Structure formats: structure tokens, C-alpha cells
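*Asks:* Residue numbers -24 to -1, 1 to 349, in mature numbering (1 follows the signal peptide of the UniProt record, and there is no 0), belong to the letters of the sequence shown in order.
The structure follows.
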Amino acid sequence: MKRTSFRYVVPGVAALALTLSACGAGNEGSSSNGSGNSDAPSAASGLSGELRGAGATSQEKAQEAWATAIQGLNDGNLTVDYQGIGSTDGRGQFIDGATSFAGSDSYLKDEELESARERCNGNVIEVPAYVSPIAIAFNLPGIDSLNLSPAVIADIFNNKITKWNDPAIVADNQGVELPDADISPVHRSDDSGTTKNFTDYLGKAAPDNWSYEAEDAFPVSGGKSQAAEGTSGVVELITNTENTIGYADESQIGDLGTVSVGVGDTFSAPTADGAAKVVAVSTRVEGRDATDMATDVDRTTTEEGAYPVILLSYLIACENYDDDTEAANVKGYLSYIVSDEGQQAAADAAGSAPLSDEVATEAQGIVENISAG
């Protein structure tokens, strides 16, 4: 298993200066940044020690920004060690008690939730960290963007459409000179929340073309398909290989070409605003605790400008911890993440969409209940 980890030890004065600068920017128009909190919450200061987390590779850029900021708020006395090992393994490490929190691009399955409750000896907290579009990225020299309907995207990734100049692709891209070349779809080789979100989109938006369930493991192989580990692995493979197409967190695709997906009678590009519009029309998972904000994303919306290929990335933690320091550190870190300042830090670093006022306020209220005992 390829691991990406970081442990930030930033000079306290420099980090604090950066944090204060970000805080000042947040005060100048906090209403547009997503949360109702214009300053870092009080729970985010007065912390010390090391906080361990693991999970989604898509969260890495945001986690870097959050970890640097929380260390600055605490004069270097708190460090965050986050390992980007994928959502599935991150949830597993949290359930096993190896980490204090997890980052995940999909909410806990019912059986995982039961195990997590046992680990926490009580309620499990599951709150959104941020919203981000999943870009369908490609490498075709001279072409920066394409329009693709959900059915065409599904048929590309199930190896039914195999040529870039297939009539189904040409039909939505008049005037684009598409090559007579084999398509090489790229998917994740590891279990991934990004894969689960992507396959969930395909199954709901193109049910006649995609018969597979939404799962962490990509269900199709063979043909010209290729696989790579982690978000960075997928992006690297597409970047270095012409005629490829794959899926990854939009914030990490660099200069690759991107697909605008069919939504109603139009096509929508992968933007933070488009992702936020989808969350606004989505509904909560039924039967969950009050501490659990798991959400079923609406993949079939026809709202203009909405981009339904998104991941709603979560933070998973316990409501109660045995150790006072661990409880305080988890509470402080998660409080910072869902605050206005934390959401803006993620938006700046990762291009994510800040949580809405309503969602951020609810998440902050849940996190505030984290305690020891």
C-alpha cells in the first residue's frame, strides 16, 4: 500500500502570521465563505501533542492547510500526522483504534458504523469536511475540454466505447477534431471513496449503461483499461499517457483536459459552485444518529450549473474519548476545519466548495459535543 503522509512542524511565529492573515481575510466578507464563524473557534487553541488521522487522498491538500494552521494557532505545540492511504483503509484504521479520526470520501457503511460505535463506546461523529467536484480528466493533445453525456461516460468506463472518434462522442463535440485512437480508461487500483462516488454517479445518472453497484473497488477491468494507486497515481498516469481518461479530485488534476457532463439539456463543467448546488438539493441518509450527517448525493439533478460528479468528504471521529488530551485535540482540529477560516483554507489550497452556513453550523454544533469520559 502506497502511503502519503505528512507531519507539520512549522516555526510558530511564521505559521501564526499566516493564520492571522487568513483570519483577517475571512473577516472581510465571511458571509461568502460558507460558515457563519468569522474567526477560528476557541476550541482550536490551547492544544498540545500529536494528533493522528488517516484516510482519503483527496483530502491531502486541505489537510496540509488545516494542519499548518492549527499548529500556528497553538504556537507549534500541536502537530497533525495525516496519512493519505485511501478512504477505505482510513475508516478501517479508525475503527481499529489506530487513529483518532479519519478522512473519507464516502460515509460509513452500516456494518462499519456498528463497528465504529463499538470502538467509540457510543456515538460516532460523521460531519462533512468539504465538497469537491470529481473531474473526469483526459489527455488528448490539443484538446482542453469535451462534452460527454452520462451514458457516454458510462460506456467509456465499461469498455463499450473504445475509440475517441466514436459517433456518440462526436455528436456532442461538433467542431472538435477527435483522433482515431483507442481510449484507455484509468481507474483507481486501491479501494477508494472517490471510486465509490464516481460509480454511484454512473449508476444513478446512466442506469441503462452502468449496471454495477457503487463500491470502493472499481468493478471493470480488461480492454485498454489501466489502474493506478491513489489520486496522485491516477493523475500521473493520465498526465504521462496520451489517449487516457480517468477520474480524480478536481483540485489535483493540474492542466489536464476536463469533461463537462450532461445535466438536463446542457453540459456542466467541474466547478466548486456546481458541486455546492448539488449538495443543496441532496438529502440525508435515513436512520442515522443526530451526530451523523451522512448524505445521499443527488446525482440526477437537472438544475442549471449543477455538477453532480462530486465527493462530499467527511471527517469521522468519536463523540467521547477516554483521554482528555485526545478529546481536546480532536475537538479543536475538527472545530477549526468546519469553521469559516478552515473552510476558506481548504478552498484556497484545494479548490473545494466551502460548506454552506446551515451545514457548517450543524457540523460545528456536533463537534462541540466531543468530550472525554
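Backbone N, C-alpha and C define an ideal beta-carbon position, used for all residues, glycine too.
Bear in mind the structure is a predicted one, so any value in this text is a computation, not a measurement.
If we ignore side chains and look at the alpha-carbon of each, how far apart do ASP249 and ALA329 end up?
*Replies:* When rounded, the distance between both Cα atoms is 7 Å.
*Asks:* Considering only the alpha carbon of each residue, which of LEU23, ARG93 and GLU88 lies closest to ASN50?
*Replies:* Closest by alpha carbon: LEU23.
*Asks:* Taking only three categories from DSSP, how would you classify ASP86?
*Replies:* Here ASP86 sits in helix by DSSP.
*Asks:* What does DSSP give as the partner residues of GLY79 in its beta bridges?
*Replies:* Its beta-bridge partners are GLY31 and LEU291.
*Asks:* How is the beta strand (DSSP E) around GLY233 delimited, first residue to last?
*Replies:* Segment 233 to 239, the beta strand (DSSP E) holding GLY233.
*Asks:* Extract the residue ranges of the beta strand (DSSP E) inside the region 109 to 138, only unbroken runs of 3 or more that lie entirely within it.
*Replies:* Within the region 109 to 138, the complete beta strand (DSSP E) runs of at least 3 residues are 121 to 124.
*Asks:* When we look at the beta-carbon of GLU344 and count the other beta-carbons within 10 Å, is it buried (16 or more) or exposed?
*Replies:* Under this definition GLU344 is an exposed residue.
*Asks:* Can ASP274 be considered in contact with the ligand ATP, in the sense that its beta carbon sits closer than 6 Å to one or more heavy atoms?
*Replies:* Of ligands this structure carries none, so the ligand ATP is not represented either.
*Asks:* Rank LYS85, ILE112, ILE110 and PHE77 by C-alpha distance to the C-alpha of CYS96 and give the top, closest one.
*Replies:* Comparing Cα positions, the closest option is PHE77.
*Asks:* Is ASP299 helix, strand or coil by DSSP?
*Replies:* Coil.
*Asks:* Distance check for GLU40 and ALA321, CA to CA, integer angstroms please.
*Replies:* Taking the straight line joining both Cα atoms gives about 10 Å.
*Asks:* Expressed to the nearest angstrom, what Euclidean distance is found between the alpha-carbon atoms of TYR83 and GLY62?
*Replies:* Answer to the nearest angstrom: the Cα atoms are 13 Å apart.
*Asks:* Quick one: what does DSSP say SER347 is sitting in, helix, strand or coil?
*Replies:* It is a strand residue.
*Asks:* What does the Cβ neighbour count give for ALA266, buried or exposed, with the cut at 16 atoms within 10 Å?
*Replies:* Exposed.
*Asks:* One question on the structure: do VAL162 and ILE119 come within less than 7 Å of each other, judged by their Cβ atoms?
*Replies:* No; because the gap between Cβ atoms is not below 7 Å, this pair is not in contact.
*Asks:* Taking 8 Å as the limit between beta carbons, can you name the residues of its chain near SER108, skipping five residues before and five after?
*Replies:* Here the set comprises SER34, ASP225, GLU226, SER227, ALA248, ALA251, ILE286, LEU287, SER289, ALA326, GLY327, SER328 and ALA329.
*Asks:* Less than 7 Å separating the beta-carbons of ILE71 and ALA92?
*Replies:* Closer than 7 Å, so yes.
*Asks:* Since ASN219 and ASP131 are thought to touch, with beta carbons under 8 Å apart, how far apart are those beta carbons, to the nearest angstrom?
*Replies:* ASN219 to ASP131, Cβ: 16 Å. No contact.
*Asks:* Please return the same chain residues whose Cβ sits closer than 6 Å to the Cβ of VAL255, not counting the five positions on each side in sequence.
*Replies:* Excluding residues within five positions, the ones whose Cβ falls inside 6 Å are VAL107.
*Asks:* Within 10 Å of its beta-carbon, does VAL257 have 16 or more other beta-carbons around it, so buried, or fewer, so exposed?
*Replies:* So VAL257 counts as exposed.
*Asks:* By a C-beta neighbour count over all protein chains shown, 10 Å radius and 16 as the cutoff for buried, is THR64 buried or exposed?
*Replies:* Buried: at least 16 other Cβ atoms inside 10 Å.
*Asks:* Look up THR217 in the DSSP assignment and say whether it is helix, strand or coil.
*Replies:* DSSP places THR217 in coil when its eight states are reduced to three.
*Asks:* Would you tell me roughly how many angstroms separate the C-alpha atoms of GLU280 and ASN123, rounded to the nearest one?
*Replies:* Approximately 15 Å, taken between the alpha carbons.
*Asks:* For my contact list, ILE112 and ILE221 are in at a C-beta cut-off of 8 Å; report their separation, rounded to the angstrom.
*Replies:* 7 Å between Cβ atoms; contact.
*Asks:* Under the rule that 16 or more other beta-carbon atoms within 10 Å means buried, what is ARG260, buried or exposed?
*Replies:* Flag for ARG260 reads exposed.
*Asks:* Taking 6 Å as the limit between beta carbons, can you name the residues of its chain near TYR223, skipping five residues before and five after?
*Replies:* Hits under 6 Å: ILE110, ILE112 and PHE174.
*Asks:* Can you give me the start and stop residues for the beta strand (DSSP E) that ALA245 sits inside?
*Replies:* Run containing ALA245: none; DSSP gives neither H nor E here.
*Asks:* Rounded to whole angstroms, how far is the Cβ of ALA20 from the Cβ of SER311, which I believe are closer than 8 Å?
*Replies:* Yes, they are in contact, since the Cβ atoms of ALA20 and SER311 sit about 5 Å apart, within 8 Å.
*Asks:* Mind checking which residues open and close the alpha helix (DSSP H) that includes THR277?
*Replies:* Note, THR277: premise wrong, no alpha helix (DSSP H); not H, not E.
*Asks:* Run through the DSSP bridge pairs and tell me what GLN320 is partnered with.
*Replies:* Looking at the DSSP assignment, GLN320 forms no beta bridge with any residue, so it has no partner.
*Asks:* Shortest alpha-carbon distance to ASP67 belongs to which of GLY98, SER160 and ILE292?
*Replies:* Per the sequence shown, residue 67 should be read as Arg rather than Asp. That would be ILE292, whose Cα lies nearest to the Cα of ARG67.
*Asks:* Please tell me whether ALA32 and GLY169 are closer than 7 Å, where the distance is taken between their beta carbons.
*Replies:* Contact: yes.
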